[in-house]
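Asks: Position 395 of the sequence shown, counted from 1, bears residue number 644 in this note's numbering, the numbering being contiguous throughout. In this text, a Cβ means the ideal position worked out from N, Cα and C, and glycines have one as well.
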Amino acid sequence: VAVEYRLPLTSKRIDFLISGHNRDKEETVVIVELKGWEKAEAVSGKDAIVRTALGGGIRETVHPSYQAFTYAEVLRDYSEAVETRNIQLIPCAYLYNCHRDENKDLEAHQYLPYLNKAPMFMEGDVRMLSNFVSQNIRYGDVPEVLNAIDMGKLRPSKQLQNEVANMLKGIPAFQLLDDQKIAFEEIQAASRASQVDGQKRTIIVNGGPGTGKSVLAINLLVALLNAQTKGSLGGQCVAYVSKNAAPRDVFTQRLTENRTLKKTSVKALFMGSGQFVGASPNAYDTLIIDEAHRLNEKSGMFSNLGENQIKEMIEASRCSVFFIDESQRVTTRDIGSVEEIRKWAKHCGSAVTELTLASQFRCNGSDGYLAWLDDVLGIRPTANPTLEDLDYQVTVCDSPLELHQWVKAKNALPNKNARLLAGYCWNWISDGKNNSAVHDIQIGDWGISWNLASGSMGDYALSETSVNEAGCIHTCQGLEFDYAGVLIGPDLRYEDGDLVTDAYARARTDQSMKGIKKMMKEDPIKAKALADEIIRNTYRTLMSRGMKACAIYCVDPELNAYFKRRVAKIMEVEG
250 VAVEYRLPLT SKRIDFLISG HNRDKEETVV IVELKGWEKA EAVSGKDAIV
300 RTALGGGIRE TVHPSYQAFT YAEVLRDYSE AVETRNIQLI PCAYLYNCHR
350 DENKDLEAHQ YLPYLNKAPM FMEGDVRMLS NFVSQNIRYG DVPEVLNAID
400 MGKLRPSKQL QNEVANMLKG IPAFQLLDDQ KIAFEEIQAA SRASQVDGQK
450 RTIIVNGGPG TGKSVLAINL LVALLNAQTK GSLGGQCVAY VSKNAAPRDV
500 FTQRLTENRT LKKTSVKALF MGSGQFVGAS PNAYDTLIID EAHRLNEKSG
550 MFSNLGENQI KEMIEASRCS VFFIDESQRV TTRDIGSVEE IRKWAKHCGS
600 AVTELTLASQ FRCNGSDGYL AWLDDVLGIR PTANPTLEDL DYQVTVCDSP
650 LELHQWVKAK NALPNKNARL LAGYCWNWIS DGKNNSAVHD IQIGDWGISW
700 NLASGSMGDY ALSETSVNEA GCIHTCQGLE FDYAGVLIGP DLRYEDGDLV
750 TDAYARARTD QSMKGIKKMM KEDPIKAKAL ADEIIRNTYR TLMSRGMKAC
800 AIYCVDPELN AYFKRRVAKI MEVEG
């Protein structure tokens, strides 16, 4: 048996696993989701959602059978041993304090698809549960099957950039777990309600790196495109919006290759945040705004159009959904915040709902790694000052060449992808924008080009040759890789026991710090605080792009030594 077994590449845990062999001598694992609930009731109009007492109140959560079923699917998706050894996964749920006669809602017709896939046992069903287990586990394995799963290789992680075309074809790619599923159903219900009663609704979805914001956003896009609305024969008029061009370009390439969709159709689905200036009120049924922390006040090439992008998108849609992580604001022009969205929603007469995504899917499912990043970068003190007990690999290299070799070695693994990312501290040489032989970044004898401008920003994530180029915050935010190598430039240093940021070490060609010099003259305290936040957030974002591991090299020798101490789990009194 295994207790509290962590699902691969997530922070979720399976309560109980029982492994062995069935009557046909096939390797088998029974997955048991345990619940101490005493009472729960059905929720109409939402798939696989129930209401029960949780966290000191009555809350909506996923049906236990759905939870057990999706955990089995994720294990099947990511464990190579499950496929190669043909291990049978049998999910079920056991509500040991929940009496069946008092909780018939849990067996309502709407839950049958999941009850059929993962049977539910309740108080008094001990013998039935025992029979279920013994029917599937007839012989022990001492504990060969569990070891095969636990010690076996993980399959290449699914990445949104590679799955979006299948999703729009109606081929499921991702199982929505727990809070993702709750948010998915809540947003759909709010969107449907807005189409019926005409009331504007704004949903704010908070979530850190790897909580599945973009996966949820694309799943919503697909669901709402196919939604039957009142008085309509087809789906909603819906669009995915992102200020950052990189994810839009990636999705466009994936959807237009092999003529999956026409480019004109794709452009109507994936839009920039500045395209709603002058839009008609309620022109869209629903707008799904990803990376909302990157929104700007003004639109246009010269930032002189419109009044406010948040206001314009709320006005242009009956239902607006903002996915946001305030700690990923990385330029002086980023205005996306929960407070700003609330303000404009109130101005537009829109009701506001706030949701939170907590499940971690990036960084090998380690919430602790992100807490360590916040601590090590001085963003906030956390309970994770070291990497001890964290299932995520961080390597500190001794040279930029070693960092680049690490990236290339990881990228050469079967079905893996790795990219080199850098702080924007080196100017983009105009003569080399289409020539990787021109090295924008030069450190000693080693050099590399910024990602080429000959294609779209999406080329960097998809092209096999991109391993010989460096991406910056603008070419990787909103995307993910298996491995990320991060080159930390001179804008972050370690001096006299403290981390020091330097806005003037940023490249002249970087627009992230636009206006900071003027701000320094007018309000130096505010300007320094803003620049400091941008630089630290930039490296937090870059260092959380890798799902399996991250390697770094710091131009500042003292900073490199500081990271080595922190990675080596050696805590010393600083300063």
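What are the start and end residues of the alpha helix (DSSP H) that includes I563?
Replies: If you number the sequence shown from 1, residue 563 lands on position 314. Segment Q558 to E564, the alpha helix (DSSP H) holding I563.
Asks: Can you tell me which of the three DSSP states M820 falls into?
Replies: Residue numbering aside, residue 820 sits at position 571 when the sequence shown is read from its first letter. Since pLDDT at M820 reaches only 42, below the 50 mark, its modelled position is unreliable, and the value read off the structure follows with that caveat. If DSSP states are grouped into helix, strand and coil, M820 belongs with coil.
Asks: Below 8 angstroms between beta carbons: does that hold for A432 and V454?
Replies: Stepping through the sequence shown from its first residue, residue 432 is reached at position 183. Stepping through the sequence shown from its first residue, residue 454 is reached at position 205. It is a contact, given that the beta carbons lie within the stated cut-off.
Asks: Drop a sphere of 10 angstroms on the beta-carbon of L662, count the other beta-carbons inside from all chains shown, and report buried for 16 or more, exposed for fewer.
Replies: Along the sequence shown, read from residue 1 onward, the residue named residue 662 stands at position 413. So L662 ends up on the exposed side.
Asks: By the DSSP assignment, the beta strand (DSSP E) with E287 in it spans what residues?
Replies: Counting from one through the sequence shown, the residue named residue 287 turns up at place 38. Note, E287: premise wrong, no beta strand (DSSP E); not H, not E.
Asks: Please report the residue range of the beta strand (DSSP E) in which C725 lies.
Replies: Residue numbering aside, residue 725 sits at position 476 when the sequence shown is read from its first letter. It is not in any beta strand (DSSP E) - C725 instead sits in the alpha helix (DSSP H) that spans I722 to C725.
Asks: Just the Cα atoms here: how many angstroms apart are E637 and T505?
Replies: Sequence index remark: in the sequence shown, residue 637 carries index 388 (1-based). Sequence index remark: in the sequence shown, residue 505 carries index 256 (1-based). Roughly 45 angstroms separates the two Cα atoms.
Asks: Label L303 either buried or exposed according to how many other C-beta atoms from any shown protein chain fall within 10 Å of its C-beta, with 16 as the threshold for buried.
Replies: On the sequence shown, residue 303 is found 54 positions in, with the first residue counted as 1. Result: exposed.
Asks: Starting from K767, trace the alpha helix (DSSP H) both ways and give me its first and last residue.
Replies: To locate residue 767, count along the sequence shown from 1; it is residue 518. Per DSSP, K767 belongs to the alpha helix (DSSP H) from I765 to E771.
Asks: Kindly list the residues whose CB is nearer than 6 angstroms to the CB of S514, restricted to its own chain and excluding five residues on each side of it in sequence; keep chain order.
Replies: For the purposes of this step, residue 514 is taken as residue 265 along the sequence shown, with counting starting at 1. None.
Asks: Looking at the unbroken alpha helix (DSSP H) that takes in G617, where does it start and where does it end?
Replies: Along the sequence shown, one-based indexing puts residue 617 at 368. Taken as a continuous stretch (DSSP letters only), the alpha helix (DSSP H) holding G617 covers D616 to V625.
Asks: Output needed for A422: all residues of its chain with C-beta closer than 7 angstroms, excluding positions within five of it in sequence on either side, in chain order.
Replies: If you number the sequence shown from 1, residue 422 lands on position 173. Once the five neighbours on either side are set aside, the close Cβ partners of A422 are K407, E412, N415 and M416.
Asks: Tell me which residue opens and which closes the alpha helix (DSSP H) that P362 is part of.
Replies: The residue given as residue 362 occupies position 113 in the sequence shown. That run of the alpha helix (DSSP H) goes L361 to K366.
Asks: So, under 8 angstroms CB-CB, E718 and W699 are touching, yes? Tell me the CB distance rounded to an integer number of Å.
Replies: Sequence index remark: in the sequence shown, residue 718 carries index 469 (1-based). Sequence index remark: in the sequence shown, residue 699 carries index 450 (1-based). Contact holds; Cβ gap of about 7 angstroms.
Asks: Does the region 549-562 come close enough to the region 455-475 that 3 or more CB-CB pairs lie under 8 angstroms?
Replies: Too few Cβ pairs lie closer than 8 angstroms, so no.
Asks: Report the three-state DSSP secondary structure of V804 (helix, strand or coil).
Replies: The count along the sequence shown starts at 1 and reaches residue 804 at position 555. Reduced to three states, the DSSP call for V804 is coil.
Asks: Are the beta-carbon atoms belonging to Y320 and Y363 less than 8 angstroms from one another?
Replies: Sequence index remark: in the sequence shown, residue 320 carries index 71 (1-based). Sequence index remark: in the sequence shown, residue 363 carries index 114 (1-based). Contact flag unset, no.
Asks: Count the other CB atoms, across all protein chains shown, that sit within 10 Å of the CB of A752; report buried if there are 16 or more and exposed otherwise.
Replies: Within the sequence shown, numbered from 1, the residue matching residue 752 stands at position 503. A752 should be labelled buried.
Asks: How about H720 and V804: do their beta carbons lie closer than 8 angstroms?
Replies: In the sequence shown, the residue the question calls residue 720 occupies position 471. In the sequence shown, the residue the question calls residue 804 occupies position 555. Here residue 720 is Gly; the residue named in the question, His, does not match the sequence. Cβ atoms of G720 and V804: not closer than 8 angstroms.
Asks: Could you spell out the range, first to last residue, of the alpha helix (DSSP H) harbouring V375?
Replies: What you label residue 375 is simply residue 126 of the sequence shown in a count that begins at 1. From DSSP, the alpha helix (DSSP H) with V375 extends over V375 to N385.
Asks: Restricting to Cα atoms, I'd like to know which of L650, L736 and W677 is closest to R757.
Replies: Numbered from 1 along the sequence shown, position 508 holds the residue referred to as residue 757. Nearest C-alpha to R757: W677.
Asks: Any contact between the region 333-340 and the region 348-355? By contact I mean 3 or more CB pairs, one from each, below 8 angstroms.
Replies: No: fewer than three Cβ pairs fall under 8 angstroms.
Asks: Would T277 and N385 qualify as a contact pair, given that the criterion is a beta-carbon distance under 8 angstroms?
Replies: For the purposes of this step, residue 277 is taken as the residue at position 28 of the sequence shown. For the purposes of this step, residue 385 is taken as the residue at position 136 of the sequence shown. In contact: T277 and N385 (Cβ atoms closer than 8 angstroms).
Asks: Do Q558 and S586 have their C-beta atoms closer together than 8 angstroms?
Replies: Against the sequence shown, residue 558 aligns to sequence position 309. Against the sequence shown, residue 586 aligns to sequence position 337. No, these two residues do not count as a Cβ contact at 8 angstroms.
Asks: Assuming Q429 and L606 are in contact, meaning their beta carbons sit under 8 angstroms apart, how far apart are those beta carbons, in whole angstroms?
Replies: Reading the sequence shown from its first residue, position 180 is the one you call residue 429. Reading the sequence shown from its first residue, position 357 is the one you call residue 606. At roughly 6 angstroms, the Cβ-Cβ gap stays under 8 angstroms, so Q429 and L606 are in contact.
Asks: Could you confirm whether any beta carbon from chain C is found closer than 8 angstroms to the beta carbon of G373?
Replies: The structure shown has no chain C; it contains just one protein chain.
Asks: Using DSSP with H/G/I as helix, E/B as strand and the rest coil, what is V601?
Replies: Locating residue 601 in the sequence shown gives position 352, where the first residue counts as 1. DSSP places V601 in strand when its eight states are reduced to three.
Asks: Between T790 and Q577, is the Cβ-Cβ spacing less than 8 angstroms?
Replies: On the sequence shown, position 541 is the one that residue 790 refers to. On the sequence shown, position 328 is the one that residue 577 refers to. Against a cut-off of 8 angstroms, the Cβ pair of Q577 and T790 comes out as a contact.
Asks: Would you report the Cα separation of E540 and G401, rounded to the nearest angstrom?
Replies: Working through the sequence shown from its first residue, we reach residue 540 at position 291. Working through the sequence shown from its first residue, we reach residue 401 at position 152. Spanning the two alpha carbons is a distance of roughly 35 angstroms.
Asks: Buried or exposed for R503, going by 16 or more other Cβ atoms inside 10 Å?
Replies: Sequence index remark: in the sequence shown, residue 503 carries index 254 (1-based). Buried, since its Cβ has 16 or more Cβ neighbours within 10 Å.
Asks: Let me know the secondary structure DSSP gives K797 once reduced to three states.
Replies: Translated into the one-based positions of the sequence shown, residue 797 becomes position 548. Here K797 sits in strand by DSSP.
Asks: Buried or exposed, going by whether 16 or more other CB atoms sit within 10 Å of the CB of Y811?
Replies: For the purposes of this step, residue 811 is identified with residue 562 of the sequence shown, where counting begins at 1. Buried: at least 16 other Cβ atoms inside 10 Å.
Asks: Determine the direct distance from the alpha carbon of S569 to that of A488, and round the result to whole angstroms.
Replies: Working through the sequence shown from its first residue, we reach residue 488 at position 239. Working through the sequence shown from its first residue, we reach residue 569 at position 320. If I take the Cα positions, the gap works out to 10 angstroms.
Asks: Can you list, in chain order, the residues of its chain whose CB lies under 8 angstroms from that of A600, leaving out five sequence neighbours each side?
Replies: For the purposes of this step, residue 600 is taken as the residue at position 351 of the sequence shown. Contacts found: Q448, K449, R450, T451 and A594.
Asks: Mind checking who D268 pairs with in its DSSP beta bridge?
Replies: Working through the sequence shown from its first residue, we reach residue 268 at position 19. With the sequence shown as reference, residue 268 is identified as Ser, and Asp is not the correct amino acid for it. Answer by DSSP bridge pairing, in chain order: V278.
Asks: Just checking, does the region 385-400 make contact with the region 291-305 on the three C-beta pairs under 8 angstroms criterion?
Replies: Not touching, per the Cβ criterion.
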